[in-house]
């Protein structure tokens, strides 16, 4: 499975603030996409959200001022990497101001 990684700076946001936004909105975001069934595991102590489906698996780590996404895309999902980036960018713009890719 091809690897997918992304790191986004969100200045002025604590790991707790980032985790609260991500963990509360991830269900809605994924339900709007056409990825089929998925499983979400939240770890509030580590400020981490893990998602898995037949199309991908990913771990999103919330740190002070930074969101890090590391995952694997299925061979069917890999060609849509730019669409995935666009969707993530739109979500970030709606929820946070002043973001930039690291």
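Residue numbers (this note's numbering): 1387 to 1488. Heads up, the beta-carbon is just placed ideally off N, CA and C, and yes, glycines get one too.
Might you give, ordered along the chain, the residues of its own chain that have their beta carbon closer than 8 Å to the beta carbon of residue 1426, omitting 5 neighbours on each side?
For this step, residue 1426 is matched to residue 40 along the chain shown. Hits under 8 Å: 1412, 1413, 1416, 1435, 1436 and 1437.
Take the Cβ of residue 1399 as the centre, count every other Cβ of all protein chains shown within 10 Å, and call the residue buried at 16 or more, exposed below.
Counted from its first residue, the chain shown places residue 1399 at position 13. Buried: at least 16 other Cβ atoms inside 10 Å.
Tell me the rounded alpha-carbon separation between residue 1388 and residue 1464.
Here residue 1388 refers to the residue found at position 2 of the chain shown. Here residue 1464 refers to the residue found at position 78 of the chain shown. One C-alpha to the other measures close to 7 Å.
Please classify residue 1408 as buried or exposed, where buried requires at least 16 other C-beta atoms within 10 Å of its C-beta.
By one-based count along the chain shown, residue 1408 stands at place 22. Result: buried.
Helix, strand or coil for residue 1488, going by three-state DSSP, please let me know.
If you number the chain shown from 1, residue 1488 lands on position 102. Because the pLDDT of residue 1488 is 49, which lies under 50, any placement of that residue in the model is unreliable, and the number read from its coordinates should be weighed accordingly. Coil.
Secondary structure at residue 1410, three-state DSSP: helix, strand or coil?
As a first step, residue 1410 is located in the chain shown; it is residue number 24 there, counting from the start. In this structure, residue 1410 counts as helix in the three-state DSSP scheme.
Span of the alpha helix (DSSP H) around residue 1478
Taking the first residue of the chain shown as 1, we reach residue 1478 at position 92. That run of the alpha helix (DSSP H) goes 1467-1481.
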